[in-house]
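*Asks:* The structure follows.
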Amino acid sequence: MNSNLDSAVDSAAEDPAAARGAADSAAGTPSAAPRRPRFGLLPRILVAIVLAIGLGLVMPESIARVFTTFNGIFSGFLGFLIPLIIVGLVTPAIAELGRGAGKMLAATTGIAYLSTVLCGLFALGISLVLLPRMLDGASIGTLENPEDSAIAAYFDIEIPPVFDVMTALVLSFCLGIGLTLVKKGALQESFEQLRTIIVRIIEAIIVPLLPLYIFGMFLGLTMNGQIWTVIGTFLAVILLVFAMTVVVLLAQYGVAGLAMGSNPLRMLGRMLPAYMTALGTSSSAATIPVTVECTKRNGIPDAIADFVIPLGATIHLAGSTLKITTFAVAIMIVTGMGLNVPALLGFVFMLGIVMIAAPGVPGGAIMAAASVLSSILGFDDAAVGLMIAAYIAIDSFGTATNVTGDGAIAAVMTRLSKGRVEGDLAAGRHEQVHGV
């Protein structure tokens, strides 16, 4: 559902070997494999956390204030960028619903959204029941207030956003729906270019600076004496998240087994190579070739596997939604924000839309989710920072759940298509070529 979705659909349908490049293009990244840092994002963040805990015990306050100053500026920049991220990602994603492979595209997108929202609601229900008991007595206070911090910044720079988050969401929906009603032209191409710019900013600025930002945040927590409460909270929630991902996969393949008339456990077992590959790469796109082959072993027709899997890698983030929802509830509990169930329900449904539009870059899902965390749940910059750290700490498990779930969606699409998939895909390519 991201940049150049049409190319991703065609590449996947016509050439499975090109699936990975197509998915990269769909995520708004070049088809050529980008240069990867020798030291991945997760190891860098883990090193940053360990260093922050160690140095926080001995670092002079005068030096620590430098990192506090950086965190204040970086948080302000994130606040400025979030509305632009929404407009740049959601608008073209909605616009592309009117193009591509017609009914197959719409059906796959609808099923992916339903799966994502159901996982979010499941996580919300379990979290509301278990987390208040699991985290009873845990509290880290309100992290944003300067008076709660032992470290003051040297100076602050205000970077007000162009408009607020809710305005950005409404504007994105209006523009995206409007673009589906007109022929593709300069305006739609402009939004596609805006998406490319936003993705580049996330890749080149936000993601590289995240370890430093998290270092500063955990440095402050260490010097405030709150760090062990945070770590204990995270470990308990991580175990709960992992258990829920297992339940989600069993449920997804229970439905897939019914759709295919096959043993769901055997179907899930055949997806194990894709799951393990995603654990190692933390990338849905990099896992596409393995996921496609595993899906075909489950009896999924080539045309459906080659279409659904690359598309699902960019729009189906059920595991990510589960993680974000669970940690959102946990952070609301330990920071004393209080649990607003109606707001949390609205958050899950909006998060499903944001996940469809999330860029396929490291940290892209949580960066896109930051908008609804702040606008609907009222998260401050420090709470969003904790969310980022928690999300990336178990990113591989969420990615593995996303990828494996794509195989279940392919099974459902096989049942729904009843042999009509080839005609639908051909019609989609005809629309792209002739502009119908």
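Going by the numbering used here, the first residue of the sequence shown is number 11, and it counts up by one from there. Yeah, the Cβ is synthetic: ideal placement off N, Cα and C, and Gly gets one too.
1) How is residue 173 classed by DSSP in three states: helix, strand or coil?
2) What's the gap between the Cα of residue 230 and the Cα of residue 140?
3) My guess is that residue 414 and residue 311 are in contact by the Cβ rule of under 8 Å, so how many angstroms apart are they, rounded?
4) Do three or more CB pairs link the region 394 to 409 to the region 302 to 311 at distances below 8 Å?
5) If contact is defined by three or more beta carbon pairs under 8 Å, each pair taking one atom from either stretch, is the region 73 to 87 in contact with the region 356 to 371?
6) So, residue 182 versus residue 96, is the Cβ gap smaller than 8 Å?
7) Note down, in chain order, each residue of its chain lying with its Cβ closer than 7 Å to the Cβ of residue 264, except the 5 sequence neighbours on either side.
8) Give the C-beta separation of residue 412 and residue 328 to the nearest angstrom, bearing in mind that I take them to be a contact with Cβ-Cβ under 8 Å.
9) Does the contact criterion of 3 or more C-beta pairs under 8 Å hold for the region 217 to 227 versus the region 119 to 131?
10) Please report the straight-line C-alpha distance between residue 267 and residue 427, rounded to a whole angstrom.
11) Within the present structure, is the beta-carbon of residue 384 separated from the nearest heavy atom of the ligand GTP by less than 7 Å?
12) By Cβ distance below 8 Å, which residues in the same chain neighbour residue 176 in space, the five residues on each side in sequence not counted?
13) Using C-beta distances below 7 Å, list every residue in its chain close to residue 63, excluding the 5 sequence neighbours before and after it, in chain order.
14) On the DSSP letters alone, give me the boundaries of the alpha helix (DSSP H) that residue 391 sits inside.
15) State the Cα-Cα distance for the pair residue 101 and residue 348, rounded to the nearest angstrom.
16) Which same chain residues end up closer than 7 Å to residue 377 when comparing Cβ atoms and leaving out the 5 residues on each side of it in sequence?
17) Which one of 209, 167, 166, 387 has the shortest CA to CA distance from residue 375?
18) I'd like to check one pair, residue 288 with residue 126: are the Cβ atoms closer than 8 Å?
19) If you run the structure through DSSP and keep just helix, strand and coil, what is residue 199?
20) What is the DSSP secondary structure of residue 345, counted as helix, strand or coil?
21) Label residue 333 either buried or exposed according to how many other C-beta atoms from any shown protein chain fall within 10 Å of its C-beta, with 16 as the threshold for buried.
22) Could you tell me if residue 165 is buried or exposed, where buried requires 16 or more neighbouring beta carbons within 10 angstroms of its beta carbon?
23) Below 8 Å between beta carbons: does that hold for residue 398 and residue 224?
24) Helix, strand or coil: which one does DSSP assign to residue 412?
25) Under 8 Å by Cβ, that's how I've got residue 380 and residue 92 pegged, so tell me the actual separation to the nearest angstrom.
26) Would you call residue 202 buried or exposed, if buried means 16 or more other Cβ atoms sit within 10 Å of its Cβ?
27) Considering only the alpha carbon of each residue, which of 303, 354, 392, 319 lies closest to residue 345?
28) Quick one: is residue 157 buried, meaning 16 or more other Cβ sit within 10 Å of its Cβ, or exposed?
*Replies:* The relevant details are as follows:
1) Taking the sequence shown and counting its residues from 1, one reaches residue 173 at position 163. If DSSP states are grouped into helix, strand and coil, residue 173 belongs with coil.
2) Sequence index remark: in the sequence shown, residue 230 carries index 220 (1-based). Sequence index remark: in the sequence shown, residue 140 carries index 130 (1-based). Roughly 29 Å between the two C-alpha positions.
3) The sequence position of residue 414 within the sequence shown is 404, counting from 1. The sequence position of residue 311 within the sequence shown is 301, counting from 1. Going by Cβ atoms, the distance from residue 414 to residue 311 rounds to 19 Å, so no, they are not a contact pair.
4) no
5) no
6) Here the question's residue 182 lines up with position 172 in the sequence shown. Here the question's residue 96 lines up with position 86 in the sequence shown. Taking 8 Å as the Cβ cut-off, residue 182 and residue 96 qualify as a contacting pair.
7) Against the sequence shown, residue 264 aligns to sequence position 254. Answer for residue 264: 274, listed in chain order.
8) The sequence position of residue 412 within the sequence shown is 402, counting from 1. The sequence position of residue 328 within the sequence shown is 318, counting from 1. With a Cβ gap of about 6 Å, residue 412 and residue 328 count as contacting.
9) no
10) Your numbering for residue 267 matches position 257 in the sequence shown. Your numbering for residue 427 matches position 417 in the sequence shown. So the two alpha carbons sit approximately 16 Å from each other.
11) Absent from the structure shown: the ligand GTP. Ligands present: none.
12) As a working mapping, residue 176 is identified with position 166 in the sequence shown. 385.
13) Working through the sequence shown from its first residue, we reach residue 63 at position 53. Answer for residue 63: 228, 232, 237, listed in chain order.
14) For the purposes of this step, residue 391 is taken as residue 381 along the sequence shown, with counting starting at 1. Looking at the DSSP string, the run of the alpha helix (DSSP H) that includes residue 391 is 391 to 403.
15) The residue labelled residue 101 in the question sits at position 91 within the sequence shown. The residue labelled residue 348 in the question sits at position 338 within the sequence shown. If I take the Cα positions, the gap works out to 32 Å.
16) Residue mapping note: residue 377 aligns to position 367 of the sequence shown, counting from 1. Correct list, in chain order: 95, 212, 216.
17) Residue numbering aside, residue 375 sits at position 365 when the sequence shown is read from its first letter. Of 209, 167, 166, 387, the residue nearest in Cα terms is 209.
18) Along the sequence shown, read from residue 1 onward, the residue named residue 126 stands at position 116. Along the sequence shown, read from residue 1 onward, the residue named residue 288 stands at position 278. Not a contact, by the Cβ cut-off of 8 Å.
19) As a first step, residue 199 is located in the sequence shown; it is residue number 189 there, counting from the start. Reduced to three states, the DSSP call for residue 199 is helix.
20) Counting from 1 along the sequence shown, the entry for residue 345 is found at position 335. Looking at residue 345 - three-state DSSP - the assignment turns out to be coil, as it is neither helix nor strand.
21) Residue numbering aside, residue 333 sits at position 323 when the sequence shown is read from its first letter. Residue 333 comes out buried.
22) Numbered from 1 along the sequence shown, position 155 holds the residue referred to as residue 165. Label assigned to residue 165: exposed.
23) The residue given as residue 398 occupies position 388 in the sequence shown. The residue given as residue 224 occupies position 214 in the sequence shown. Yes, the pair counts as a contact, with Cβ atoms nearer than the cut-off.
24) Indexing the sequence shown from 1 puts residue 412 at position 402. Of the three classes helix, strand and coil, the one that applies to residue 412 here is helix, per DSSP.
25) Translated into positions along the sequence shown, residue 380 becomes position 370. Translated into positions along the sequence shown, residue 92 becomes position 82. Yes, they are in contact, since the Cβ atoms of residue 380 and residue 92 sit about 6 Å apart, within 8 Å.
26) Within the sequence shown, the letter at position 192 stands for residue 202. Result: buried.
27) Position 335 of the sequence shown holds residue 345. Of 303, 354, 392, 319, the residue nearest in Cα terms is 392.
28) As a position in the sequence shown, residue 157 is number 147, starting the count at 1. Only weak support is given to the placement of residue 157: the predicted model assigns it a pLDDT of 38, under 50, and the value that follows is read from those uncertain coordinates. Burial call: exposed.
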